[in-house]
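Residue numbers (the UniProt record's numbering): 79 to 373.
Don't be surprised by glycine CBs; every beta carbon is placed ideally from N, CA and C.
Working notes, beginning with the structure itself.
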Amino acid sequence: EASATIIDGKRVAKDIREEVAVEISRMKDKIGIVPGLAVILVGDRKDSATYVRNKKKACDSVGINSYEVRLAEDSTEEEVVNHISKFNDDPSVHGILVQLPLPRHMDEEKILDAVCIEKDVDGFHPENMGRLAMRGREPSFVPCTPKGCIELLHRYDIPIKGKRAVVIGRSNIVGTPAAFLLQREDATVTVVHSRTENAEEITREADIIISAVGQPNMVRGSWVKPGAVIIDVGINPVEDPDCTRGYRLVGDICYEEARKVASAITPVPGGVGPMTIAMLLSNTLLSAKRIHNFS
Ligand code: NDP
């Protein structure tokens, strides 16, 4: 029975972190500067706090200085923007990240717009997104999760040029930038979303599927063209009494079915997940190199 290559995001992410760490120590030796990442967390969502903690740990492990600001749920937009402005002006900070989602009373657009694009390591500023969408323009930074998806394809020597790619999901943080990136890599891209008719038929034409939906096991084996490559961004908790915490994480892709049809597939967990943080570290290093003109 045919079985797909498992794309080992955990291993690739580890390789990237090691590469980043080497570059940071070289930078420190040569010019005495280490990259700095500022993270702003508003409110007390448990999942957000976990993400922020993991980002800080990852920074420590490669030698990036991290600065964390925690603000109460009922903070004002102005307070958040003030912190951003301070970090914009702080020469020891090379990357600024506002953990999403923000509390409901805040205007996400207004807050993300306040991050100067040279330090926008998440790539969420509309100017960076606009440049990503345009031919002949270069964004300062590309959003970490979709960048991680493309990096996995590159590191497994999976051709993108001229291929049919289907992106499932059109969020600002994953689906839409993933589609732009694939197009920049010369794929022919279709975006499938919640209003798409015949999603299954469209997806079945894809040589490459990137799925960022948030629906457990939505994409069945029958949606996949034999030999297709699948990048599963979804991280979905499903109840599982056999797990100590009562749930386990699955992707958007029905893994057991799809791996029999695809030529390569990312597992969940251990696929795209670890790549996001690796890309954040890599973007922060890139920013510090640029700001200090170090190559
Ligand atoms: P959003 O909820 O913002 O976007 C989901 C997208 O999926 C929307 O565009 C929506 O369409 C589309 N969609 C919803 N239902 C269907 C359906 N039945 N058929 C087709 N399309 C559908 O999610 P995110 O993009 O933020 O995240 C997606 C998943 O990726 C989540 O599981 C999240 O946990 C995971 N994730 C993982 C990351 C990582 O690996 N580090 C980082 C970020 C996210 P419409 O636009 O029409 O509403």
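Kindly indicate which three-state DSSP category Arg337 falls into: helix, strand or coil?
coil
Whose beta carbon lies closer than 7 Å to any heavy atom of ligand 1, going through the chain in order?
Taking a cut-off of 7 Å from the heavy atoms of ligand 1, the residues with a C-beta inside it are Thr223, Ile246, Gly247, Arg248, Ser249, Ile251, Val252, Gly253, Val270, His271, Ser272, Arg273, Thr274, Ala277, Ala290, Val291, Gly292, Gln293, Met296, Val311, Gly312, Ile313, Asn314, Asp330, Val350, Gly351, Thr354.
Could you check what DSSP says for Glu146 in three-state terms: helix, strand or coil?
strand
Excluding sequence positions up to five away, which residues of its chain have a Cβ less than 7 Å from the Cβ of Lys223?
Looking at the sequence provided, one finds Thr at residue 223 rather than Lys. Closer than 7 Å at Cβ, skipping near neighbours: Ile251, Val252, Val311, Val350, Thr354.
Starting from Ile174, follow its DSSP beta bridges and name the residues at the other end.
Answer is Ala116.
Note down the Cα distance separating Glu146 from Asp318, rounded to an integer number of angstroms.
34 Å
Of all the options Arg273, Ser341, Glu196, which has the alpha carbon lying nearest to the alpha carbon of Gly299?
Ser341
Tell me the rounded alpha-carbon separation between Ile162 and Ala192.
7 Å
When burial is assigned at 16 or more other CB atoms within 10 Å of the CB, is Gly329 buried or exposed?
buried
DSSP on Leu327, reduced to helix/strand/coil?
Of the three classes helix, strand and coil, the one that applies to Leu327 here is strand, per DSSP.
Using 8 Å as the cut-off, can you tell me whether the segment 127-142 makes contact with the segment 183-197, which would need three or more C-beta pairs spanning the two stretches below that distance?
no
Beta-carbon separation of Ile94 and Pro113 under 8 Å?
no
Look up Thr154 in the DSSP assignment and say whether it is helix, strand or coil.
coil
Based on the DSSP secondary-structure assignment, which residues constitute the bridge partners of Thr266?
Arg242.
Hey, how far is the Cα of Arg248 from the Cα of Cys227?
15 Å
Can you list, in chain order, the residues of its chain whose CB lies under 8 Å from that of Glu196, leaving out five sequence neighbours each side?
Ser218, Ser365, Arg368, Ile369
Evaluate Ser144 with the Cβ neighbour count: other Cβ atoms within 10 Å of its Cβ, from every protein chain shown; 16 or more gives buried, anything less gives exposed.
buried
Which residues does DSSP pair with Val297 in a beta bridge?
Ile331
Answer yes or no: do Leu230 and Val220 have a C-beta to C-beta separation smaller than 8 Å?
No, these two residues do not count as a Cβ contact at 8 Å.
Taking only the alpha-carbon atoms, compute the straight-line gap between Thr83 and Ala150 and give it to the nearest angstrom.
45 Å
Would you report the Cα separation of Arg89 and Glu96, rounded to the nearest angstrom?
Glu96 has its alpha-carbon roughly 11 Å from the corresponding atom of Arg89.
Assess contact between the segment 291-308 and the segment 262-269, defined as three or more Cβ pairs (one per stretch) separated by less than 8 Å. Is contact present?
Proximity of the segment 291-308 to the segment 262-269 falls short of the contact definition, fewer than three beta-carbon pairs being nearer than 8 Å.
Assign Val316 to one of three DSSP states: helix, strand, or coil.
strand
Under three-state DSSP, which class holds Ser373?
coil
Would Lys308 pass as a contact of Ile280 if the rule is Cβ separation under 8 Å?
Residue identity check: residue 308 is Ile in the sequence provided, not Lys. Cβ atoms of Ile308 and Ile280: not closer than 8 Å.
Please name the residue, chosen from Met212, Arg123, His172, Val171, that lies closest to Arg148 on a Cα-to-Cα basis.
Comparing Cα positions, the closest option is Arg123.
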